[in-house]
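*Asks:*
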Amino acid sequence: MLGSKKLNILVVFCLINLTLQAQRGLRIGYVDMEHIMENVPEFQQSMDMVDMKAQKWSSDLAKKKAEIEKLKEELDNERPLLTPELIEEKEEEIEYLREKMFEFQDEKFGVGGELMTKKRQIIIPIQDQVFNAVQEIGDNRGYDFIFENSADALLLFSAKRHDLTKIVLKLIKRNARQDQLQGEDEEDEMFGGDYKSVKDAEADEQKEKEKEEKIAQREREREQQLDERARRRDSIMTAREAQLKARRAQIQKRREEQQRKRDSIRALRENN
């Protein structure tokens, strides 16, 4: 009898608890990721730097395209005066520059290129900060679900009272101030890099300089080869033009001699 009474009390307690949960309802919120990104100063500063680099890369790419188009136009104009060997050389030069241009384009703007990599390095730390802030809000305020409201999300409608975006921004800025007081390097965090000692940083910088110097040396050697080809081509073209000029002079001279002979014969006939 006593056991049955305890069971009844437990059932009643469970029913009361379920009723209270139903009356309380689910706590739901959402955050606007696009608005957060636009209002985090570090994100905007880093994106501005990346955009400046992207503009420079676009300008460099346009120059490479213009150079190739110029060489193609020159080849079309000079083709009648060039030997097959020179034509082949110029076509190889153009093809080489086209390959280098596409390599540059893929390296900077490709799927795994430098532009996409830098953007990911900027976005991921911000997303982590948002996730940490959302976790803190959910745990401290008893939220059951917190969704993302952005162009890529499928949240079609949500009342403004569920918007937690401003709270998330405040938490991110508060945490950033705390990190600054603790001496953490925010710029290094924004780009996803690890702390490096002065010695390691100098070693990396030296490696980067050596790499850039090797690339510059290859470019200088390539330019020297192209200049040498251009000099040989100009020399051959000059000689070829001189030959053509001499031939035209000879032809003109023969025509003038033939004309004098015809004039002499005509004069003799008229006198007779």
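Numbering (UniProt numbering), first residue to last: 1 to 272.
For every residue, glycine included, the Cβ atom is placed at its ideal position computed from N, Cα and C.
What do you reckon, is the C-beta of Y30 under 8 Å from a heavy atom of the ligand MN?
*Replies:* Inclusion of the ligand MN in the displayed structure is not the case, the ligand content being empty and no account of it being possible.
*Asks:* Alpha carbon to alpha carbon, how far is I36 from F145?
*Replies:* Residue mapping note: residue 36 aligns to position 36 of the sequence shown, counting from 1. Residue mapping note: residue 145 aligns to position 145 of the sequence shown, counting from 1. Distance between the alpha carbons of I36 and F145: 19 Å.
*Asks:* According to DSSP, what are the bridge partners of F131?
*Replies:* On the sequence shown, position 131 is the one that residue 131 refers to. DSSP lists no partner for F131.
*Asks:* In chain order, what residues of the same chain lie with their CB nearer than 8 Å to the CB of E89, ignoring the 5 residues before and after it?
*Replies:* Position 89 of the sequence shown, counted from the first residue, corresponds to residue 89. Excluding positions up to five away in sequence, the list reads R229, R233.
*Asks:* Please identify the residue among Q55, F104, E85, Q135 whose C-alpha is closest to the C-alpha of residue 304.
*Replies:* Only positions 1 to 272 of the chain appear in this structure, which leaves residue 304 out of reach.
*Asks:* Quick check: what's the CA-CA separation for K211 versus E219?
*Replies:* Translated into the one-based positions of the sequence shown, residue 211 becomes position 211. Translated into the one-based positions of the sequence shown, residue 219 becomes position 219. Roughly 12 Å separates the two Cα atoms.
*Asks:* If distances are taken between C-alpha atoms only, which option among K63, S58, E103, L75 comes closest to M237?
*Replies:* Locating residue 237 in the sequence shown gives position 237, where the first residue counts as 1. Answer by Cα proximity: L75.
*Asks:* If distances are taken between C-alpha atoms only, which option among E107, E38, K72 comes closest to residue 279?
*Replies:* This structure cannot speak to residue 279, because the chain is shown only from 1 to 272.
*Asks:* List the DSSP bridge partners of Y30.
*Replies:* As a working note, residue 30 is residue 30 in the sequence shown. Partner(s): F147, D163.
*Asks:* Considering just the uninterrupted stretch of the alpha helix (DSSP H) at L98, what are its terminal residues?
*Replies:* Counting from one through the sequence shown, the residue named residue 98 turns up at place 98. It should be pointed out that residue 98 corresponds to Arg in this sequence rather than to Leu. Residues 84–109.
*Asks:* Just to confirm, are E256 and L81 a CB contact at a threshold of 9 Å?
*Replies:* For the purposes of this step, residue 256 is taken as the residue at position 256 of the sequence shown. For the purposes of this step, residue 81 is taken as the residue at position 81 of the sequence shown. Result no, Cβ atoms of E256 and L81 do not sit closer than 9 Å.
*Asks:* Using a 10 Å radius around the Cβ and a threshold of 16 neighbouring Cβ atoms, would you call K196 buried or exposed?
*Replies:* Here the question's residue 196 lines up with position 196 in the sequence shown. Below a pLDDT of 50, predicted positions are generally treated as unreliable, and K196, at 46, falls in that range; the measurement from the model is reported next regardless. When all chains shown are included, K196 counts as exposed.
*Asks:* Looking at the unbroken alpha helix (DSSP H) that takes in L71, where does it start and where does it end?
*Replies:* As a first step, residue 71 is located in the sequence shown; it is residue number 71 there, counting from the start. Segment 41–78, the alpha helix (DSSP H) holding L71.
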